[in-house]
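>
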Amino acid sequence: MEEKTLIIIKPDGVKRHLIGRIISRFEERLLTIDQMRYGTLTEETAKAHYAHLADKPFFQDIIDYMTSGPVVFIVLKGENAIEMVRKMIGQTNALEAAPGTIRGDFATNKSQNVIHASDCPAAADVEIKRFFSDKNLSYVKQ
Ligand code: ADP
433 MEEKTLIIIK PDGVKRHLIG RIISRFEERL LTIDQMRYGT LTEETAKAHY
483 AHLADKPFFQ DIIDYMTSGP VVFIVLKGEN AIEMVRKMIG QTNALEAAPG
533 TIRGDFATNK SQNVIHASDC PAAADVEIKR FFSDKNLSYV KQ
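According to the working numbering, the stretch in the sequence shown is residues 433 to 574, in order.
Here it is as structure tokens:
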């Protein structure tokens with residue numbers, strides 16, 4: 433089934449100049465870039481995005497990390513895109529992420545792990561709306 437999913441190349445991925453290498457991996461698997469934008473998350477949006485972790489002791493650390501610099505937001509589309517992309521990014525914790533996955537090849541710990549991807553269709557829906565629903569893009573055809 434054709435699906436859309438939302439990925440974020442996190443601030444460490446951008447600072448480490450990994451944008452091109454990460455996008456290449458998705459293109460190699462014939463996932464298509466549907467939408468893409470570059471910018472820095474506000475504290476408010478970062479908190480909404482990670483609301484499911486609000487009760488964790490490391491919550492504010494995640495927010496500080498995610499708002500520490502620019503990120504790349506990408507909507508990818510393709511056959512079973514949500515599950516395929518989750519498999520390609522690997523486990524949250526770098527130690528558990530298999531070599532060959534993006535986190536398994538580039539991440540070094542469990543907090544700064546280079547990339548985010550939606551984990552199910554409901555999350556993909558919410559996340560695509562969260563980052564791409566503004567109407568201020570009238571300078572391009574949608
Ligand atoms: P995933 O990003 O794999 O979907 P989660 O939603 O559980 O995983 O976590 C969101 C993000 O919060 C992780 O990608 C990571 O940046 C950070 N994080 C998760 N667990 C920890 C932890 N135990 N310590 C520090 N940061 C964490």
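We put the beta carbon where it would ideally sit given N, CA and C, even for glycine.
State the Cα-Cα distance for the pair Pro489 and Tyr497, rounded to the nearest angstrom.
Position 57 of the sequence shown, counted from the first residue, corresponds to residue 489. Position 65 of the sequence shown, counted from the first residue, corresponds to residue 497. Distance between the alpha carbons of Pro489 and Tyr497: 14 Å.
> Could you tell me which residues DSSP pairs with His548 in its beta bridges?
For the purposes of this step, residue 548 is identified with residue 116 of the sequence shown, where counting begins at 1. DSSP, once it has assigned bridges, lists Ile440 as partnering His548.
> Is it right to say Gln492 is buried, meaning 16 or more other beta carbons lie within 10 angstroms of its own, or is it exposed?
Your numbering for residue 492 matches position 60 in the sequence shown. Exposed, because fewer than 16 other Cβ atoms sit within 10 Å of the Cβ of Gln492.
> Give me, in chain order, the residues of the same chain whose beta-carbon lies closer than 8 Å to that of Lys442; leave out the 5 immediate sequence neighbours on both sides.
Taking the sequence shown and counting its residues from 1, one reaches residue 442 at position 10. If we look at Lys442 and ignore the five residues flanking it on each side, its Cβ neighbours are Tyr497, Met498, Val503, Gln544, Asn545, Val546, Ile547 and His548.
> Val507 bridges to which residues according to DSSP?
For this step, residue 507 is matched to residue 75 along the sequence shown. DSSP, once it has assigned bridges, lists Leu438 and Gln467 as partnering Val507.
> DSSP three-state label for Pro531, please.
In the sequence shown, the residue the question calls residue 531 occupies position 99. Strand, per DSSP.
> Assuming the contact rule is C-beta atoms closer than 8 Å, Ile514 and Thr437 should be a hit. Round their C-beta distance to whole Å, please.
Counted from its first residue, the sequence shown places residue 514 at position 82. Counted from its first residue, the sequence shown places residue 437 at position 5. 5 Å between Cβ atoms; contact.
> Applying the criterion that 16 or more other CB atoms from any shown protein chain within 10 Å of the CB defines a buried residue, is Ser550 buried or exposed?
Taking the sequence shown and counting its residues from 1, the one referred to as residue 550 is at position 118. Buried: at least 16 other Cβ atoms inside 10 Å.
> Measuring CB to CB, does Ala480 end up less than 8 Å from Arg562?
Translated into the one-based positions of the sequence shown, residue 480 becomes position 48. Translated into the one-based positions of the sequence shown, residue 562 becomes position 130. Contact flag set, yes.
> Should Tyr482 be counted as a contact of the ligand ADP given a C-beta to heavy atom distance under 7 Å?
Indexing the sequence shown from 1 puts residue 482 at position 50. Answer for Tyr482: yes, Cβ within range of the ligand ADP.
> Quick one, which of Arg453, Leu508 and Gly510 has its alpha-carbon nearest Ile534's?
As a first step, residue 534 is located in the sequence shown; it is residue number 102 there, counting from the start. Nearest C-alpha to Ile534: Arg453.
> Distance check for Gly501 and Leu473, CA to CA, integer angstroms please.
If you number the sequence shown from 1, residue 473 lands on position 41. If you number the sequence shown from 1, residue 501 lands on position 69. Spanning the two alpha carbons is a distance of roughly 8 Å.
> Using the Cα positions of Glu435 and Lys509, report the straight-line distance between them to the nearest angstrom.
Here residue 435 corresponds to residue number 3 of the sequence shown, with the count starting at 1. Here residue 509 corresponds to residue number 77 of the sequence shown, with the count starting at 1. Looking at the two C-alpha atoms, the distance is approximately 6 Å.
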